[in-house]
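Residue numbers (the UniProt record's numbering): 1 to 68.
Yeah, the Cβ is synthetic: ideal placement off N, Cα and C, and Gly gets one too.
Keep in mind that this is a model prediction, so the values were computed, not measured.
Below is one structure, written out as structure tokens; the observations come after it.
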């Protein structure tokens, strides 16, 4: 399945032809710096991991007290 997805991706990318429309502005970069973007991703990842650990601990406590 992974080989098929990769093969279709590269086949599609080889077949596509991007043409710039002169009426549209040409954007060379994002308005967000890479450090701000990296910090945002790291913060979101940390929040997700903390929430997952809290959920796992909560479920473990519920199992512990329900078995008493």
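For residue 10, decide whether its Cβ has a neighbour in chain C, counting only Cβ atoms nearer than 8 Å.
-> Of the protein chains in this structure there is only one, and it is not chain C.
So what does DSSP say about residue 107, is it helix, strand or coil?
-> Not covered by the structure: residue 107. The range shown for the chain is 1 to 68.
From which residue to which residue does the alpha helix (DSSP H) around residue 3 run?
-> Position 3 of the chain shown, counted from the first residue, corresponds to residue 3. Taken as a continuous stretch (DSSP letters only), the alpha helix (DSSP H) holding residue 3 covers 2-15.
DSSP three-state assignment for residue 32, whether helix, strand or coil = Position 32 of the chain shown, counting from 1, holds the residue named residue 32. In this structure, residue 32 counts as coil in the three-state DSSP scheme.
If you draw a straight line from the alpha carbon of residue 32 to that of residue 26, how long is it in whole angstroms?
-> Working through the chain shown from its first residue, we reach residue 32 at position 32. Working through the chain shown from its first residue, we reach residue 26 at position 26. Taking C-alpha positions only, residue 32 is separated from residue 26 by approximately 16 Å.
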